[in-house]
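Asks:
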Amino acid sequence: MQVKSRHHLRSDAIDEIRTALADGLGVEIDGDAFELVELTDSAFDLVLVDGEPLVFYADEEPFVTVRGANETDPDSGVVTVDAGAISFVSNGADVMRPGIVEADPDIETGDLVAIAEETHGKVLAIGRALVDGEEMVGEEGKVVESVHHVGDDLYEFEP
Numbered sequence: 260m261q262v263k264s265r266h267h268l269r270s271d272a273i274d275e276i277r278t279a280l281a282d283g284l285g286v287e288i289d290g291d292a293f294e295l296v297e298l299t300d301s302a303f304d305l306v307l308v309d310g311e312p313l314v315f316y317a318d319e320e321p322f323v324t325v326r327g328a329n330e331t332d333p334d335s336g337v338v339t340v341d342a343g344a345i346s347f348v349s350n351g352a353d354v355m356r357p358g359i360v361e362a363d364p365d366i367e368t369g370d371l372v373a374i375a376e377e378t379h380g381k382v383l384a385i386g387r388a389l390v391d392g393e394e395m396v397g398e399e400g401k402v403v404e405s406v407h408h409v410g411d412d413l414y415e416f417e418p
């Protein structure tokens with residue numbers, strides 16, 4: 260991933276990130292330095308919090324990265340998958356209904372969501388909901404489109 264530019268964020272931009280993540284995921288992002296990294300070969304921009312890639316922008320919407328989700332442990336906006344789905348989700352596959360054991364009922368179609376595994380609660384991927392949370396558990400169909408996952412370029416980004 261090529262860095263196009265890097266600059267520190269103003270306090271109002273930092274407040275917007277903190278508010279969006281608190282409202283959407285129930286998490287707090289603490290840090291002294293917030294730096295926006297614009298990437299040339301990516302659909303995303305990254306925010307380094309104290310040098311760590313904890314937040315990214317998808318369609319101008321701030322959300323935690325997989326690393327950020329595992330550091331902050333979101334309590335809303337989470338879709339939980341069973342052990343059989345782990346290898347698929349970790350490799351960037353979209354999430355299918357049969358693999359889901361639980362989904363936050365407040366998720367709405369189009370929301371970004373954290374996809375966690377059932378046993379330890381570790382986040383494996385970030386995706387975009389294709390249906391509301393109440394409709395995610397079931398027998399068939401794709402319900403979350405993968406956006407970012409463990410091992411992808413965004414995950415492997417080194418500042």
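Going by the numbering used here, the sequence shown wraps up at 418, each residue one higher than the last. Where is the CB? At the ideal position from N, CA and C, for every residue including glycine.
For a test of the three-state rule: what should DSSP assign to residue 366, helix, strand or coil?
Replies: Residue mapping note: residue 366 aligns to position 107 of the sequence shown, counting from 1. Reduced to three states, the DSSP call for residue 366 is coil.
Asks: Would you list, in sequence order, the uninterrupted beta strand (DSSP E) runs of no fewer than 3 residues that lie entirely inside the segment 336–385?
Replies: 337–340, 359–362 and 371–376
Asks: Between which two residues does the beta strand (DSSP E) harbouring residue 295 extend?
Replies: Position 36 of the sequence shown holds residue 295. First-last of the beta strand (DSSP E) with residue 295: 293–298.
Asks: Applying the 10 Å Cβ sphere with the 16-neighbour rule, what's the burial state of residue 336?
Replies: Within the sequence shown, the letter at position 77 stands for residue 336. Buried, because 16 or more other Cβ atoms sit within 10 Å of the Cβ of residue 336.
Asks: Could you say if the segment 379–391 and the segment 276–294 meet the contact criterion of at least three C-beta pairs nearer than 8 angstroms?
Replies: no
Asks: Between which two residues does the beta strand (DSSP E) containing residue 311 stretch?
Replies: As a working note, residue 311 is residue 52 in the sequence shown. Segment 311–317, the beta strand (DSSP E) holding residue 311.
Asks: Do you know offhand how far residue 288's Cα is from residue 306's?
Replies: Indexing the sequence shown from 1 puts residue 288 at position 29. Indexing the sequence shown from 1 puts residue 306 at position 47. Rounded to the nearest angstrom, the two C-alpha atoms are 11 angstroms apart.
Asks: For residue 325 versus residue 409, is the C-beta spacing smaller than 7 angstroms?
Replies: The residue you call residue 325 lines up with position 66 of the sequence shown. The residue you call residue 409 lines up with position 150 of the sequence shown. Result yes, Cβ atoms of residue 325 and residue 409 sit closer than 7 angstroms.
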